[in-house]
Each structure stands twice: as C-alpha cells, then as structure tokens.
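**Student:** First residue of the sequence shown? That's 0 in numbering that gives the first Met the number 0, and the numbers climb one at a time after it.
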Amino acid sequence: MCGVVAWVKHLPDQCVDESILRLMTETLNHRGPDGEGYFTSGNVGLGHKRLSILDIQNGHQPMVHSGVALSYNGEIYNFRELKEELLQKGHTFSTHCDSEVLIIGWKEWGVEVVSKLRGMFAFIIHDENNNTIFAARDRLGIKPLHWAKNTEGDLLFSSELKGITANPKIDKKLNFNAVEDFLSLGFVADPKTIFQNIYKLPPAHFVLINTKEVINSIEPKCYWNIEDFVSDEISSEGDVTEDFASLMEDAVRSRMLSDVPLGSFLSGGLDSSVISAVMQKHSSEPINTFSIGFDLSQYDESYYAKKVAEQLGFNHVNTNVSINDLTFLETLIDIYDEPFADNSAIPTYILSKEASKHVKVALSGDGADELLYGYRNHKMVWAEEKVRRVLPSAVRKFVFSALAKVYPNWNNAPKFLKGKTTLNALAGSAINSYHNAISITSQQQLSRLYTTYFKRQLGGYTSLSLFESIGAQYKGTNSLKAIQLIDFKTYLASGILTKVDRASMKNSLEVRVPFLDHYLVEKMLSVSPSLNISWSKSKLLLSNAFTSFLPAFVLKRPKMGFSSPMDEWLRQIPLESLQLKFKEGLLGQSDLFCTGGINTLLQEHYERRRDHGMTIWSLLIFNAFVNKHFGKQ
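1. Among the candidates A244, D333, V7, A304, whose CA atom is the shortest distance from the CA of K522?
2. What's the C-alpha gap between K414 and I75?
3. With the cut-off set at 8 Å, would you say F293 and P564 are in Cβ contact?
4. Under the three-state reduction of DSSP, which class applies to M523: helix, strand or coil?
5. For W108 and K474, I'd like the C-alpha separation in whole angstroms.
6. Measuring straight from C-alpha to C-alpha, what distance separates I597 and P143?
7. Buried or exposed for K172, please, with buried defined as at least 16 other CB atoms from any protein chain shown within 10 angstroms of its CB.
8. Who are the Cβ neighbours of E248 in its own chain at under 6 Å, not counting the five residues just before and after it?
9. Counting Cβ pairs, one atom from each stretch, are 3 or more of them under 8 Å apart for the region 490-506 and the region 208-222?
10. Let me make sure I understand the geometry here. Which of W568, Q588, L496, K498 has the alpha-carbon closest to that of V320?
11. Please tell me whether A340 and I439 are closer than 8 Å, where the distance is taken between their beta carbons.
12. If we ignore side chains and look at the alpha-carbon of each, how far apart do Y303 and L524 end up?
13. List, from N- to C-terminal side, the alpha helix (DSSP H) runs of 4 residues or more that fit wholly inside the region 127-181.
14. Tell me whether the beta-carbon of A361 lies closer than 8 Å to the beta-carbon of F264.
15. Thinking C-alpha only, which one of R447, F313, S98 is nearest N287?
16. For the alpha helix (DSSP H) containing W633, list its first residue and its last residue.
17. Apart from the five residues on each side of it in sequence, which residues of its chain come closer than 6 Å, Cβ to Cβ, to D270?
18. If you count every other CB in all the chains shown that lies within 10 Å of the CB of L416, and 16 or more means buried, which is it?
19. On a CA-only basis, which of N435, V251, D566, K220 is nearest M613? Give me that one, please.
20. Grab the span of the beta strand (DSSP E) containing K48 for me, first residue to last.
21. Going by Cα to Cα distance, which pick from S114, K82, Y348, H59 is closest to V499?
22. If we ignore side chains and look at the alpha-carbon of each, how far apart do S266 and K191 end up?
23. Compare the C-alpha of E80 against each of T461, N543, K115 and name the closest.
24. Using the C-alpha atoms, what's the distance from A134 back to S529?
25. Indicate whether the contact test is met: 3 or more Cβ pairs, each with one atom in the region 462-476 and one in the region 614-628, closer than 8 Å.
26. Rounded to the nearest angstrom, what separates G104 and S547 at their Cα positions?
27. With 16 as the cutoff for other CB atoms within 10 Å, does A426 come out buried or exposed?
28. Contact defined as beta carbons within less than 8 Å: I believe F289 pairs with A354. What is the distance between those atoms, to the nearest angstrom?
29. Hey, which unbroken runs of the beta strand (DSSP E) at 3 residues or more fall wholly within the region 243-278?
30. State yes or no: is the C-beta of E236 nearer than 7 Å to some heavy atom of the ligand HEM?
31. Between L540 and L331, which are expected to be in contact by the criterion C-beta below 8 Å, what is the C-beta distance as a whole number of angstroms?
32. In the DSSP assignment, what are the bridge partners of G36?
33. Could you give the residue range of the beta strand (DSSP E) that holds R511?
34. I'd like to check one pair, H357 with G262: are the Cβ atoms closer than 8 Å?
35. Distance check for Q13 and K161, CA to CA, integer angstroms please.
36. Tell me, to the nearest whole angstrom, how far the beta carbon of I291 is from that of P346; I am working on the premise that it is less than 8 Å.
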C-alpha cells in the first residue's frame with residue numbers, strides 16, 4: 000500500500016521541476032514510510048511513497064522496465080496467476096511482487112490489463128515507447144486517485160488531495176455543489192471534490208493520454224459497468240447459497256496474502272466475525288483482532304468483540320475512546336483534505352492507530368451492508384415498498400401527505416409515536432425516502448441555513464437530484480435495487496471507503512475488504528433483496544452460510560452499526576465555546592450561511608429540544624476546513 004503522484008506538463012517540450020514533484024510526493028509520507036522514489040523524463044514525472052507488504056526487498060517504485068515506468072498503490076490478489084500466464088507468453092521477471100506483474104501486464108495487454116486485475120488499485124503508467132500516460136482506479140473505488148489541471152494546463156495525479164494542492168499553480172476555489180453534498184450527506188460524492196476543477200477519478204475508470212500532444216480535455220473512460228450486474232434475477236436461496244459461501248471464503252483467503260503481520264478489525268457483529276472466523280480457518284496460529292470501545296454503553300460493542308475472540312481463540316486487542324472536546328477537528332481536516340463528517344471517522348482513526356502498532360495489514364467487513372442490505376434504512380424501504388405496491392402513487396400521495404400534515408411533530412416522543420416522517424416517506428418515492436433517512440441534515444433544515452446567495456450558486460442542485468440521476472440508471476422495477484446502486488456509487492465509494500483508506504493510511508496501515516471482491520459483488524448484485532431481508536433479520540445469506548463458523552450469540556444479536564455518540568459528546572462542550580468558534584471562524588463571516596440559523600440550531604440542541612449533533616459536527620468541520628484553506632496565509 001502506497002502513495003502515488005504524477006505530473007504531466009501541458010506542453011511536450013517542457014520539463015517537470017523535480018523539486019516540486021518531491022514536494023507533492025512528500026505530502027504522502029504517511030501512506031508509505033518504508034521508501035520513496037522519483038522518475039522524470041521530459042514533460043513527465045512520477046513520485047511514489049512505499050508501504051512494503053509483498054517482496055519487501057524488491058518492488059521499489061517508481062518501477063521502470065524497458066521504457067515503462069509505474070507508480071502504483073494497491074494489492075493485486077491474483078498476481079501469481081497473471082504472472083504464470085505472462086511467463087507462458089515468454090515474459091521474464093526479476094521480482095516476486097505484484098508491481099512487476101502489473102507493468103509487464105500493461106506491455107502485454109495494454110488498457111485491457113485492468114480487466115484482468117483482482118484487487119484494489121490506483122496507478123499511473125508512463126510508457127515512453129508510445130508516449131502514453133495510463134491511469135486507472137479499481138472497480139469499487141477502494142483505493143483513491145485524484146486528478147486536476149493546474150493554472151498552466153499541466154495534468155496532476157495524486158492518491159490524496161494534498162498531493163495536488165501542494166503544486167503551487169493550483170487555484171483553490173470552493174465547489175458549491177460539493178458543499179451541498181457534504182452538508183447533506185457528510186461526504187463529497189465522486190467525481191467531485193470540495194475544490195472546483197479538482198476531481199476524483201471515478202471507480203472502474205481510466206485515463207489515457209498522449210504525452211506528446213498538448214493536453215486540452217480529460218475524458219475518463221469506464222471499463223466495468225456496475226449497472227450491468229444490478230438485478231433481482233436470483234430469487235431462490237438454493238441458487239446462490241453455495242456460490243456465496245465459496246466466493247466469500249475465497250475472497251478472505253486471497254486477502255491473507257502478505258509478507259508482514261496481518262489481522263482483522265472485529266466489532267463482534269456478523270460481518271467482522273465471519274471474516275475473522277474464516278481467517279482463523281486458514282491460519283496456522285491465532286489471528287490478531289482489534290476492537291474499540293466507547294464511554295457511552297449504548298454505542299459500545301467491545302464486550303461482544305472480546306467474547307467472540309475468546310470463544311474462537313484470537314489474539315485480541317481492545318482500545319477505548321472518550322472524546323468530549325474539539326481536539327480532533329484539525330486532525331480530521333489533515334487526514335481527509337476536504338470536509339468529511341462520518342461520525343465513525345474518529346474511532347476508525349484511533350482503531351487503525353492501535354492496530355498499526357501490531358500489524359501492517361488488517362481485514363475489514365466494510366461493504367457487507369451495501370452488498371447484503373444490512374442497514375436499518377434498507378429494511379425501512381423494504382417495508383415501505385410493501386405499502387407502495389398496494390396503493391397507487393396518486394392515492395398514496397394524497398392520503399399520506401394529508402395524514403402527515405395533521406400528525407403531531409413530537410421530537411421527544413418515543414419512537415413508536417414518531418410517525419410524521421414515515422407518513423411523508425410513504426407519500427413520496429423510495430429514493431426520496433431513502434435520501435431523507437440517510438441525510439445528516441434535511442433539505443428543509445439546510446434551506447434555513449443557506450443564504451440566498453448560496454442558493455443561487457447551487458442553481459437548484461441538491462444531493463437528492465444526484466441520487467435520482469443514479470437511481471434512473473437502474474432499469475428494473477425493484478426500488479431496493481436502485482437504492483443498492485446508489486449506495487455503491489455514493490455512500491460506499493465516497494463515504495465508507497474514503498473513511499477507511501484515509502484513517503488507516505494516516506497510520507501506515509493497509510486495510511483490505513473481502514466483501515468487495517468483484518467476483519463476489521458481481522454475483523450478489525443479481526440477488527433479490529428478499530433473500531437477505533425479513534421482518535426480523537437482515538443479511539440472511541451471510542448468517543445462513545456461516546452458521547457453523549460462529550458462536551450462537553453473534554447470529555442472534557441485532558445490528559448496532561459502527562458510530563459514535565456525537566449528540567452527547569457535543570453537549571459536553573460548553574455552548575459558548577461553539578458559538579465563539581463559529582463567530583470567529585470564516586464560516587460565520589462568510590456569505591454562505593445564516594448566522595441566526597446556526598445559533599437556533601445550537602440552542603435547540605443544547606436545550607434537548609432536538610438532536611442536531613451531526614449537523615453541528617459537519618458545520619464545525621467545514622468551519623475548520625475553510626479556516627485552514629482560505630484563512631490568512
């Protein structure tokens with residue numbers, strides 16, 4: 000696992016300034032503390048920071064082979080099979096690492112090499128033989144790759160935004176649509192970044208350019224369409240259970256490939272317990288597992304993690320977190336480079352920091368909820384859809400909208416009396432309902448926070464319109480399948496995977512995600528939601544397939560989710576401290592937000608009239624971000 004940088008000058012006769020290339024690359028020291036390297040040739044420069052996982056003595060990068068240079072971040076789990084195929088074609092190798100397989104694979108197959116790769120990757124290849132730059136990102140977006148053109152027209156690539164913004168010719172301006180994404184969803188959705196004219200290369204896309212031509216426009220091309228696999232054609236458990244179990248176990252086993260110590264994140268829930276149990280099956284000694292506990296018991300799963308570890312014989316390490324101040328704000332801005340409000344970002348960072356003291360690689364259960372409908376909101380939509388199928392759209396809209404208007408809006412009432420939101424959801428579409436459910440701040444609340452100027456800049460854009468455009472790409476009739484596609488293209492790639500990559504790599508820890516093996520994903524995307532959701536349980540295929548691997552209490556436990564007690568943490572901070580932070584920060588002085596709206600938000604939260612923890616947290620993060628990037632230099 001590593002950090003990559005590339006710089007292609009706008010004009011073919013210009014040369015890369017290696018001192019600036021080094022400056023850009025050094026921003027990624029945390030991603031690769033084991034080594035660094037640079038390659039320049041005319042108007043092209045590559046930089047690399049290495050975290051050694053395979054063939055530690057070799058595999059230094061940028062790797063150069065017969066006129067082809069590579070800067071690569073990732074792991075290719077089928078590199079040995081590809082190496083054998085290339086050997087049969089007459090190629091020779093001097094190392095035992097996947098980097099050399101990738102570079103020789105490019106020489107043999109060209110752009111088609113990405114379709115042969117099983118793993119997580121983001122890389123840049125410079126081929127002097129045909130004056131080509133080829134950059135690509137893995138199918139699900141596990142590994143990041145950003146790109147931009149600076150004010151001189153040069154093309155820049157980097158694993159993280161900081162590698163690009165370190166270039167002195169980058170002009171940083173806020174992307175207003177990205178701000179809307181962040182404040183409603185908690186992250187900036189691909190391919191946007193928080194800055195205008197800086198982009199994320201979307202998952203399953205590549206860029207191919209000629210270095211001897213003037214660079215005018217960049218057009219990323221897709222090599223794997225996730226939409227092709229989303230259907231509900233598999234509706235019988237007998238048609239998929241055996242394949243699922245086999246694919247899942249193979250995905251875990253293949254990700255145990257390492258020349259350094261590895262372990263597993265263990266929450267005590269179903270996903271991480273299955274991964275850890277399968278790892279133990281394929282290990283000759285007790286595996287290393289890591290969990291985190293919280294100071295508020297309703298968020299703490301560490302007891303269950305310890306219990307699983309004891310029963311299955313793992314070497315287990317638990318760490319605890321109690322955060323009741325704002326000391327982590329600057330750390331989060333540094334880690335993510337753009338506003339990022341996932342309330343599990345802090346515990347993920349702390350967990351990664353602890354794990355990195357013991358191992359260099361950890362397996363994680365991320366992706367299981369998106370793949371197998373594990374979120375509570377999936378079950379909510381599933382239940383709502385049963386009602387939608389019974390009543391025509393016009394009837395639903397009339398009846399449930401009318402009921403929602405007269406239903407009391409009791410914010411502090413028990414859950415069974417909070418029906419206003421459900422009635423509004425039933426009156427609208429499944430996508431609208433899902434968007435409302437997962438948004439950290441509602442569109443109604445944001446409308447009160449935004450100034451008239453900011454609303455004009457948005458020009459009608461909302462994160463809901465993004466969801467609707469993605470959902471429209473699904474041509475079937477099952478709304479949950481459309482929502483699954485939305486999950487994979489937004490929350491998974493831009494939220495979950497971004498969180499894990501940055502938090503782990505800040506601690507020089509590689510995290511692998513077996514549930515996102517593309518063979519497993521392709522199979523499971525065609526499975527009907529009915530095989531995973533019932534009134535009482537979710538992820539049925541997973542629990543049924545691995546019942547014999549797990550203690551009974553794991554299978555019976557309700558899902559908790561990996562989050563943090565943000566509402567209560569913020570209430571432990573004096574109200575005056577937050578008010579002062581906004582007043583003195585650039586956010587309070589900008590023309591984007593209404594200060595009265597922010598103060599009302601704070602008062603309601605501290606008086607416990609409403610829970611606005613995540614909205615306040617997102618505003619604090621955005622305030623810290625603009626202070627860092629747009630304050631006095």
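For every residue, glycine included, the Cβ atom is placed at its ideal position computed from N, Cα and C.
Predicted model, so just to flag it, every value in this text is computed and none were measured.
**Tutor:** Result, derived from the coordinates:
1. A244
2. Low local confidence applies: a pLDDT of 40 at K414 is under 50, so the model's placement there is unreliable, with the coordinate-based value given in what follows. Taking the straight line joining both Cα atoms gives about 47 Å.
3. For F293 and P564, yes; Cβs fall inside 8 Å.
4. helix
5. 33 Å
6. 33 Å
7. exposed
8. V277
9. no
10. W568
11. yes
12. Each residue's CA atom was taken as its position, placing Y303 and L524 some 30 Å apart.
13. 160-164
14. yes
15. F313
16. Residue 633 lies beyond the stretch modelled for the chain, which goes from 0 to 632, so this question has no answer here.
17. G364, A367
18. Confidence is the limiting factor: at L416 the pLDDT is only 41, short of 50, which leaves the residue's position unreliable, though a coordinate-based value still follows. Exposed.
19. D566
20. 43-49
21. Y348
22. Each residue's Cα considered, the two are about 32 Å apart.
23. If we check each option's Cα against that of E80, K115 comes out closest.
24. 39 Å
25. Counting Cβ pairs under 8 Å, fewer than three are found: no touch.
26. 40 Å
27. The pLDDT assigned to A426 is 46, lower than 50, so where the model puts this residue is not dependable; a value taken from the coordinates is nonetheless given after this. The residue is buried, with at least 16 neighbouring Cβ atoms inside 10 Å.
28. 4 Å
29. Within the region 243-278, the runs of beta strand (DSSP E) that reach at least 3 residues and sit entirely inside it are, in chain order, 261-264.
30. Of ligands this structure carries none, so the ligand HEM is not represented either.
31. That pair is no contact at about 35 Å.
32. Paired residue(s): H47.
33. R511 -> beta strand (DSSP E) spans 509-511.
34. yes
35. 24 Å
36. 5 Å
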